[in-house]
Structures are given as structure tokens and as C-alpha cells.
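*Asks:* For the record, the sequence lines run as chains C and V. For what it's worth, the working numbering labels the leading residue of the first sequence as 1, then goes sequentially. For what it's worth, the working numbering labels the leading residue of the second sequence as 1001, then goes sequentially. Just so you know, even glycine gets a beta-carbon here, dropped at the ideal spot from N, CA and C. My structure is below; once you've seen it, I'll send some questions.
Protein chains: 2
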Amino acid sequence: MSDLEAISLKLEARGHRVTPSRRAVIAAILQQSEHFTVDDLLSYQGAGRATVFRTIRLLTEIGVVCRVLMEDASLHYRVSERGKHHHHVVCSDCGRVQDLDQCVIADVMRELSSATGFEIEGHWLELYGKCSQCRSRSRAVLAG
Amino acid sequence: MSDLEAISLKLEARGHRVTPSRRAVIAAILQQSEHFTVDDLLSYQGAGRATVFRTIRLLTEIGVVCRVLMEDASLHYRVSERGKHHHHVVCSDCGRVQDLDQCVIADVMRELSSATGFEIEGHWLELYGKCSQCRSRSRAVLAG
DNA sequence: CGTCTCGGTGAGACTAAGTATCACTTGGAG
DNA sequence: CTCCAAGTGATACTTAGTCTCACCGAGACG
Chain C
1 MSDLEAISLK LEARGHRVTP SRRAVIAAIL QQSEHFTVDD LLSYQGAGRA
51 TVFRTIRLLT EIGVVCRVLM EDASLHYRVS ERGKHHHHVV CSDCGRVQDL
101 DQCVIADVMR ELSSATGFEI EGHWLELYGK CSQCRSRSRA VLAG
Chain V
1001 MSDLEAISLK LEARGHRVTP SRRAVIAAIL QQSEHFTVDD LLSYQGAGRA
1051 TVFRTIRLLT EIGVVCRVLM EDASLHYRVS ERGKHHHHVV CSDCGRVQDL
1101 DQCVIADVMR ELSSATGFEI EGHWLELYGK CSQCRSRSRA VLAG
């Protein structure tokens, strides 16, 4: 089963129609590597601006796509293999994203709940750095 | 020394002028409680839109103001007593913010660096929940 | 004293990202 | 086949912020 079919089924299972416009948006999303903006999708045609935004929102709600917060606080999107809560490490050089399997700060948050008196219910966590490839590439340049 | 004076000195120390417009923006910021948007400041007059944005940016750069990321990914601002890197817990009911003294995930990030092969250089972390007051208030209502 | 220069300013145009409106279209249940 | 709620697209609007550009004004210099 292709990714497109899998996502279509997921939509139908939730009572949403799988229209040509939505197919086009999903196909465009599946073409993207790593993370993308809605603007990246608009160049693919097949659906109007509003529909692209609506479809992204829908896909985000059903967990097919997740939001990636960039260092400048702009929002990007990313196909999410894992439907559940997770975090990302984004390479600031090449843009590669690595998903973290589980929420790495669950323990920290439990501690903070008692330390602050807050009942912590949610969080944003996004990490930035250089992936191993970009690190070795920059070392090579320095050595070169 | 008033907060306004202290901030003025900080600006001057960095070679920036302390103009009437900037004073007005700083005064407006000091009026705010917890976190605010640039729009909240615009109602105070005394400086044009562009200048308010420019001043906020300047104050953010010198650490007088810090950015607070809301759950919907919109940016708010907040007077920062601590110039250095820190995180916030934001009450989703009343908006109260609690600053966390040190970066609570420094250890986690060290672990992740070795686990992922990324050299982690930065991160966004923002926490949301209910503060103790809002919790007891909602318990009172339930019991009421 | 004049004048020059450069940081700062304000009005307003522009941009980016996303939402709202509203008449139109269409998939698919009956 | 018909009908209607879901979906669509054009376009206007909103929000948050940047850019442009003519102008202002305080301090350096002569």
C-alpha cells in the first residue's frame, strides 16, 4: 500500500472525503524531504491556496503531518511516521530532521510539576544543531 | 534606580541612543504584566508602529525582553529579569509566567548529543500548565 | 556659529502565514 | 437520479513583522 493510499484510508476512516485536491496536496507533501512550508506545496498546483492550508491543518489534526518549529519561530511541517507526541532535532546546516522516539523530557517535567506548583499539561520542545554528516563535512573543509 | 533608568543605561552602554520614543516603549513594556504582544504596546502611543517593533527587537537583543512562545506558536514578549538563557512555565488559565532559573534540559541535551550524533547547539523549550492558584480555584468550583 | 553626518523616526507600503467569506461544485447515500 | 453536506477556490482580510524613504536632531568638526 502506498503512502498516499494509507493516508487516504486514514482520512476516510475519520469521515473525510478523499478529493482530487486533497490527493494533490498529499502527493505534494510526500514529495517533500524533511520539512517544508505551505509555500513549498503551493508551487505544485492541483489545489488552491485555501485548500492547501485546510488540508495541512486536517493532516496535522489526524497526525499525518507534524509541526516543526524553526529557530526563528517560524512553523514548518513534516510528514510524521509516528502519530504520537515526539520531538525533533533539526540540522541547522542541511535541514535534516531526526525524530526522537519518545518524549525525552517526561521525567524533567514531572520534577518541575512539584518544584513549580504548576500542573504541567503541555510543552514545546525543538532542538537544533549540526548532524554528523555536516559536522564531518565542516571538519574536512577546515582540514582541507 | 528605576527600571526605566536601568534599561536606559544598558542601551547607552551599547551605544544606542535613549530617545523619547524608546523611553515611551520601555515605559509601556514596564506597565505590562506577565507577557504581552507588540499590539498591546501600540495602544500606549508615544512611538510609531515600526519604532515599537524596532525597540522590542533591540531590547530582545540586549536581553531586557525575552520571547515567550505560546501553545499556538504565536510569539509573546516578557520583561526578563534574568538576562541569560532560561525557560518559562505559562499558566494556560491566567497567563501567569514562572521563569525557571536554569536550563532544565542541559543534561538531557548532552545525552541526546551522543545518542543522535548531532552536535546540539540550541533549543526551544516552553512549558504550559495550570498554576497552583488556578488549580485551587478550579477545585473550589468543582466542589462548590 | 554653521553644517555635516549618522542614528533614529514615522508613515505607509510590503510580505508571509494563515483565516474568513461566499458562491459554486461534487461525492456518494438514499 | 437527486439532493445536500462536505469540499473548493477566488479573494478579501488579519496578524505580525520588515522595508523604504524622506525627514529629524544631537553631537563632532571646522
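If the cut-off is 8 Å on Cβ atoms, which residues from the region 1067-1099 of chain V count as contacting chain C, listed in chain order?
*Replies:* For the region 1067-1099 of chain V, which is checked against every Cβ of chain C, the residues closer than 8 Å are Arg1067, Leu1069, Glu1071, Ala1073, Leu1075, Val1089, Cys1091, Ser1092 and Gln1098.
*Asks:* Do V:Leu1127 and V:Val1079 come within 8 Å of each other at the CB atom, strictly closer than that value?
*Replies:* For V:Val1079 and V:Leu1127, no; Cβs fall outside 8 Å.
*Asks:* Where does the unbroken beta strand (DSSP E) through V:Asp1099 begin, and where does it stop?
*Replies:* Residues Val1097 to Leu1100.
*Asks:* If you draw a straight line from the alpha carbon of C:Leu112 to that of V:Asp1040, how long is it in whole angstroms?
*Replies:* Their Cα atoms are separated by approximately 30 Å.
*Asks:* Identify which residue in V:Cys1094, V:Asp1107, V:Ser1114 and V:Arg1110 has its Cα closest to the Cα of V:Arg1137.
*Replies:* For the residues V:Cys1094, V:Asp1107, V:Ser1114 and V:Arg1110, the minimum Cα distance to V:Arg1137 belongs to V:Cys1094.
*Asks:* Tell me whether C:Phe36 sits in a helix, a strand or coil according to DSSP, three-state version.
*Replies:* Here C:Phe36 sits in strand by DSSP.
*Asks:* Below 8 Å on the Cβ atoms is my guess for C:Ile56 versus C:Val68; work out the distance and round it to an integer in Å.
*Replies:* With a Cβ gap of about 13 Å, C:Ile56 and C:Val68 do not count as contacting.
*Asks:* Give the DSSP bridge partners of C:Tyr77, in chain order.
*Replies:* DSSP, once it has assigned bridges, lists C:Phe36 and C:Arg67 as partnering C:Tyr77.
*Asks:* Are the C-beta atoms of V:Arg1135 and some chain C residue less than 8 Å apart?
*Replies:* True, the Cβ-Cβ gap to chain C drops below 8 Å.
*Asks:* Quick check: the region 117-136 of chain C against the region 61-77 of chain C, are at least 3 beta-carbon pairs closer than 8 Å?
*Replies:* Verdict: yes, contact present.
*Asks:* Identify the contact partners of C:Glu126 in chain V, using a Cβ-Cβ distance below 7 Å as the criterion.
*Replies:* Result: His1123 and Trp1124.
*Asks:* Taking the alpha helix (DSSP H) that C:Val145 belongs to, which residues open and close that run?
*Replies:* Past the boundaries of the shown model lies residue 145 of chain C; chain C is included only from 1 to 144, so the question cannot be answered.
*Asks:* Let me make sure I understand the geometry here. Which of V:Thr1060, V:Ser1132 and V:Ser1074 has the alpha-carbon closest to that of C:Ile120?
*Replies:* The option with the nearest alpha carbon to C:Ile120 is V:Ser1132.
*Asks:* Please state whether DSSP places V:Lys1130 in a helix, a strand or coil.
*Replies:* Three-state result, V:Lys1130: strand.
*Asks:* Starting from the beta carbon of C:Lys130, find every residue of chain V whose beta carbon is closer than 8 Å, and list them in chain order.
*Replies:* Correct list: Phe1118, Glu1119 and Glu1121.
*Asks:* Any beta carbon of chain C sitting closer than 8 Å to that of V:Ile1105?
*Replies:* Closer than 8 Å to some Cβ of chain C, the Cβ of V:Ile1105 qualifies, so yes.
*Asks:* With distances taken between CB atoms, is the gap from C:His85 to C:Leu100 smaller than 8 Å?
*Replies:* Not a contact, by the Cβ cut-off of 8 Å.
*Asks:* Is it true that the region 1044-1054 of chain V meets the region 1005-1013 of chain V, where meeting means three or more beta-carbon pairs spaced less than 8 Å apart?
*Replies:* Segments in contact, no.
*Asks:* Less than 8 Å between the C-beta atoms of C:His16 and C:His76, yes or no?
*Replies:* Result no, Cβ atoms of C:His16 and C:His76 do not sit closer than 8 Å.
*Asks:* DSSP three-state label for C:Val89, please.
*Replies:* The answer is strand: DSSP assigns C:Val89 an E or B state.
*Asks:* Sort V:Leu1011, V:Ala1115, V:Met1109 and V:Ile1105 by Cα distance to V:Val1065 and report the nearest one.
*Replies:* Residue V:Leu1011 is the option with its Cα nearest to V:Val1065.
*Asks:* Tell me the DSSP secondary structure of C:Ile120 in three-state form.
*Replies:* In this structure, C:Ile120 counts as strand in the three-state DSSP scheme.
*Asks:* Excluding five sequence neighbours on each side, which residues of the same chain lie with their C-beta closer than 8 Å to the C-beta of V:Ser1021?
*Replies:* If we look at V:Ser1021 and ignore the five residues flanking it on each side, its Cβ neighbours are Gly1046, Ala1047, Gly1048, Thr1051 and Thr1055.
*Asks:* When Cβ atoms are compared, which residues of the region 1001-1027 of chain V fall closer than 9 Å to chain C?
*Replies:* Under the 9 Å Cβ criterion, the region 1001-1027 of chain V contributes no residue.
*Asks:* Could you check whether V:Ile1062 and V:Arg1172 sit closer than 8 Å to each other, using their CB atoms as the reference points?
*Replies:* Because chain V spans 1001 through 1144 in this model, residue 1172 of chain V falls outside it and cannot be assessed.
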